[in-house]
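Student: Structure incoming, see below.
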Amino acid sequence: MTVVPVELGARRYDVLIEAGALDRAAELLSPYARDRLIVVTDETVAAAQLPRLRHPSIVPIVLPAGEATKSWPQLETLCDRLLDLEVERGEHIVALGGGVIGDLTGFAASIVKRGIGFVQVPTTLLAQVDSSVGGKTAINARAGKNLIGAFYQPSFVLIDPTVLDTLPARELRAGYAEVVKYGLISDPDFFAWCEAHAADLLAGKSEAREHAIAYSVAAKARIVAEDERETADRRALLNLGHTFGHALEAETGFGPALLHGEAVAAGMGLAYRFSAERGLCRTGEAARVVEHLRTIGLPHDAVSAGVNASGERLAGHMAHDKKKAGGRVPFILARGIGEAFVDKSVALEEVAAFLDSTPLASESASRHEARVGE
Ligand SMILES: NC(=O)c1ccc[n+]([C@@H]2O[C@H](COP(=O)([O-])OP(=O)(O)OC[C@H]3O[C@@H](n4cnc5c(N)ncnc54)[C@H](O)[C@@H]3O)[C@@H](O)[C@H]2O)c1
Ligand SMILES: O=C(O)C(=O)C[C@@H](O)[C@H](O)[C@H](O)COP(=O)(O)O
Ligand SMILES: [Zn+2]
1 MTVVPVELGA RRYDVLIEAG ALDRAAELLS PYARDRLIVV TDETVAAAQL
51 PRLRHPSIVP IVLPAGEATK SWPQLETLCD RLLDLEVERG EHIVALGGGV
101 IGDLTGFAAS IVKRGIGFVQ VPTTLLAQVD SSVGGKTAIN ARAGKNLIGA
151 FYQPSFVLID PTVLDTLPAR ELRAGYAEVV KYGLISDPDF FAWCEAHAAD
201 LLAGKSEARE HAIAYSVAAK ARIVAEDERE TADRRALLNL GHTFGHALEA
251 ETGFGPALLH GEAVAAGMGL AYRFSAERGL CRTGEAARVV EHLRTIGLPH
301 DAVSAGVNAS GERLAGHMAH DKKKAGGRVP FILARGIGEA FVDKSVALEE
351 VAAFLDSTPL ASESASRHEA RVGE
């Protein structure tokens, strides 16, 4: 068992990582349960993992699976259901699922009765290494990704790596993008570890899986403790690949054609190539990043992500980015592998021109399409 504390003063909490932990969730979650345990999940996870949570009086709330659930209508459904159940302020609800369920449930918990408790039990690789930790909660809006939300920390995070045994390969690969992100941000040794061990991780080898999860959670917990509300150019580093990636997600309508992790992978490839084009980073390092993503089977630019929009159109989505300050959108760029930084000097026109100049990669686009259909 590994326990990673998230040091946030009065709001500190632990992230417990243990293979098989879900099977003893009744015991591990007992400090957060009353005479009942309200569990918010989605239809797929309800079938695949909920039966393992053997609490004597579970009240499940089951929502549709997929990114479209991070929406106003589903938020309303969830809040009304919680109110019908007469949830009390002192009660904790459990988010059992991927980042969609975690983000939505956390946001609902932050607003119902002005704040009830919640616990994260993440069931995707992405949610285990990233979204369950740090307290960013949100739904998507017409104007863009995660634009309605709150910083609201869970009271506890329970990670059981064995739940990934039922996760489809495409979802596992998408979640891997957020793992390798930590190496790209600040740790070239971890990036090298990823190059060497990604195949084992994606094949479900427990040693690689548990190392990747524990490393990522510790890296995220450190950054969140330093800059919980993204005000000090520190937490914004976790947005590497996201300024581009969220624009790609918006362009594809937050649907199943492009998963968040896939969009982030494409965004990281673009961020490195843009950094190289601006003379910030060696071309060879950007090429190494792109090659790694390609090897994994992840997109590395807009076209390989299945998006053929103009640079101007994608930059239009980026104009809604919530990092925007003084009319400028900060970009997370890199001086090398493990050397990401926040660049506030980029004009969206430059980004649009860069995107239009990115050579068409129709071969990789068709490979991605083939993979999506696998
Ligand atoms: N809050 C944050 O800090 C943060 C960080 C990263 C991403 N996110 C958000 O997370 C979301 C993406 O999360 P995700 O990739 O987990 O997607 P997701 O929640 O949609 O889950 C992916 C799919 O896998 C299924 N699934 C989940 N667990 C399973 C399991 N164990 N076995 C079988 N199927 C399973 C789900 O039903 C769903 O269909 C995005 O909305 C993104 O914006 C938030
Ligand atoms: O926790 C963070 O901070 C992150 O940026 C993690 C990201 O992987 C995640 O996708 C997050 O939801 C993006 O945040 P946003 O503020 O750009 O919506
Ligand atoms: Zn992300």
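Under the UniProt record's numbering, the residue at position 347 of the sequence shown is numbered 347, and the numbers go up by one with no gaps. Glycine residues also receive a C-beta, built at the ideal position from the N, C-alpha and C atoms.
State the start and end residues of the unbroken beta strand (DSSP E) segment that holds Ala150.
Tutor: Locating residue 150 in the sequence shown gives position 150, where the first residue counts as 1. Segment Gly144 to Phe151, the beta strand (DSSP E) holding Ala150.
Student: Check whether the segment 215-224 and the segment 291-306 are in contact - that is, three or more C-beta pairs closer than 8 angstroms.
Tutor: Contact fails: fewer than three Cβ-Cβ distances are below 8 angstroms.
Student: Evaluate Pro31 with the Cβ neighbour count: other Cβ atoms within 10 Å of its Cβ, from every protein chain shown; 16 or more gives buried, anything less gives exposed.
Tutor: Numbered from its first residue, the sequence shown carries residue 31 at position 31. Result: exposed.
Student: For Val15, name the three-state secondary structure that DSSP assigns.
Tutor: Here residue 15 refers to the residue found at position 15 when the sequence shown is read from its first residue. Strand.
Student: Identify the continuous alpha helix (DSSP H) that holds Ile159 and give its terminal residues.
Tutor: Along the sequence shown, one-based indexing puts residue 159 at 159. From DSSP, Ile159 is part of no alpha helix (DSSP H) but of the beta strand (DSSP E) over Phe156 to Ile159.
Student: Short check: CB of Ile116 to CB of Ala109, under 7 angstroms?
Tutor: The sequence position of residue 116 within the sequence shown is 116, counting from 1. The sequence position of residue 109 within the sequence shown is 109, counting from 1. Against a cut-off of 7 angstroms, the Cβ pair of Ala109 and Ile116 comes out as a contact.
Student: Between Ile61 and Pro188, what straight-line distance do the alpha-carbon atoms span, to the nearest angstrom?
Tutor: Looking up residue 61 in the sequence shown gives position 61. Looking up residue 188 in the sequence shown gives position 188. So the alpha carbons of these two residues sit roughly 42 angstroms apart.
Student: According to DSSP, is Phe118 helix, strand or coil?
Tutor: As a working note, residue 118 is residue 118 in the sequence shown. Strand, per DSSP.
Student: To the nearest angstrom, how far is it from the Cα of Val307 to the Cα of Thr252?
Tutor: Translated into the one-based positions of the sequence shown, residue 307 becomes position 307. Translated into the one-based positions of the sequence shown, residue 252 becomes position 252. Approximately 7 angstroms, taken between the alpha carbons.
Student: Check whether the Cβ of Val264 lies closer than 6 angstroms to any heavy atom of ligand 3, and answer yes or no.
Tutor: Position 264 of the sequence shown, counted from the first residue, corresponds to residue 264. Correct: Val264 has its Cβ closer than 6 angstroms to ligand 3.
Student: Could you pull out every residue in the same chain whose Cβ sits closer than 7 angstroms to the Cβ of Glu363, ignoring the five residues on either side in sequence?
Tutor: Residue numbering aside, residue 363 sits at position 363 when the sequence shown is read from its first letter. Below a pLDDT of 50, predicted positions are generally treated as unreliable, and Glu363, at 42, falls in that range; the measurement from the model is reported next regardless. Nothing meets the Cβ criterion.
Student: How long is the line joining the alpha carbons of Arg12 and Asp356, rounded to whole angstroms?
Tutor: Position 12 of the sequence shown, counted from the start, is the residue given in the question as residue 12. Position 356 of the sequence shown, counted from the start, is the residue given in the question as residue 356. When rounded, the distance between both Cα atoms is 45 angstroms.
Student: Please classify Leu158 as buried or exposed, where buried requires at least 16 other C-beta atoms within 10 Å of its C-beta.
Tutor: Start at 1 with the first residue of the sequence shown, and residue 158 comes out as number 158. So Leu158 ends up on the buried side.
Student: Please classify Thr358: does DSSP put it in a helix, a strand, or coil?
Tutor: By one-based count along the sequence shown, residue 358 stands at place 358. Coil at Thr358, not helix or strand.
Student: By the three-class DSSP mapping on this structure, what secondary structure does Asp130 have?
Tutor: As a working note, residue 130 is residue 130 in the sequence shown. Reduced to three states, the DSSP call for Asp130 is helix.
Student: Going by C-alpha to C-alpha distance, which of Thr44, Arg335, Val112 and Gly269 sits closest to Thr358?
Tutor: Along the sequence shown, read from residue 1 onward, the residue named residue 358 stands at position 358. The residue with the shortest Cα to Cα distance from Thr358 is Gly269.
Student: Taking the alpha carbon of Ala10 as the reference point, which residue from Arg234, Thr283, Met318 and Tyr152 has its own alpha carbon closest?
Tutor: Here residue 10 refers to the residue found at position 10 when the sequence shown is read from its first residue. Considering only alpha carbons, the answer is Tyr152.
Student: Only counting runs of 3 or more residues, tell me where the beta strand (DSSP E) segments fall wholly within the segment 153-223, in order along the chain.
Tutor: DSSP runs (the beta strand (DSSP E)) wholly in the segment 153-223: 156-159.
Student: Are there three or more Cβ pairs, one per stretch, closer than 8 angstroms when the segment 133-149 is compared with the segment 44-61?
Tutor: The segment 133-149, when compared against the segment 44-61, does not touch it at the 8 angstroms Cβ threshold.
Student: Taking the alpha-carbon positions, what's the Glu369 to Thr2 distance?
Tutor: Within the sequence shown, numbered from 1, the residue matching residue 369 stands at position 369. Within the sequence shown, numbered from 1, the residue matching residue 2 stands at position 2. Confidence at Glu369 is low in this model, with a pLDDT of 45, below 50, so the placement of that residue should be treated as unreliable; the coordinate-derived value is given next. Going from the Cα of Glu369 to the Cα of Thr2 covers about 38 angstroms.
Student: Work out the CA separation of Glu277 and Lys324 for me, nearest whole Å.
Tutor: The residue given as residue 324 occupies position 324 in the sequence shown. The residue given as residue 277 occupies position 277 in the sequence shown. Near 23 angstroms, if we compare the C-alpha coordinates of Glu277 and Lys324.
Student: Based on the DSSP secondary-structure assignment, which residues constitute the bridge partners of Val94?
Tutor: What you label residue 94 is simply residue 94 of the sequence shown in a count that begins at 1. According to DSSP, Val94 bridges with Val39 and Val119.
Student: Flag this pair as yes or no: are the beta carbons of Leu201 and Ala208 separated by less than 7 angstroms?
Tutor: Residue numbering aside, residue 201 sits at position 201 when the sequence shown is read from its first letter. Residue numbering aside, residue 208 sits at position 208 when the sequence shown is read from its first letter. In contact: Leu201 and Ala208 (Cβ atoms closer than 7 angstroms).
Student: Hey, would you say the C-beta of Ala48 is under 6 angstroms away from at least one heavy atom of ligand 5?
Tutor: Ligand 5 is not part of the structure shown, which contains ligand 1, ligand 2 and ligand 3 as its ligands.
Student: Starting from the Cα of Ala15, find the closest Cα among Pro154, Leu37 and Glu339 and give me that residue.
Tutor: On the sequence shown, position 15 is the one that residue 15 refers to. First, the residue type needs correcting, since residue 15 is Val and not Ala in the sequence shown. When each option's Cα is compared against that of Val15, the closest is Pro154.
Student: What's the call for Leu360, buried or exposed, on a 16-neighbour Cβ count within 10 Å?
Tutor: Position 360 of the sequence shown, counted from the start, is the residue given in the question as residue 360. Note on Leu360: pLDDT 48, under 50, position unreliable in the model; the coordinate value appears next. Label assigned to Leu360: exposed.
Student: If we count Cβ pairs, one from each stretch, closer than 8 angstroms, do we get three or more for the segment 249-263 versus the segment 281-290?
Tutor: No, they do not touch.
Student: Whether or not the segment 225-245 and the segment 258-275 are in contact is what I'm after, with contact meaning three or more pairs of Cβ atoms, one per stretch, closer than 8 angstroms; do they touch?
Tutor: Output reads yes: the segment 225-245 touches the segment 258-275.
Student: Quick one: grab the DSSP three-state call for Leu22.
Tutor: For this step, residue 22 is matched to residue 22 along the sequence shown. Three-state DSSP puts Leu22 in a helix.
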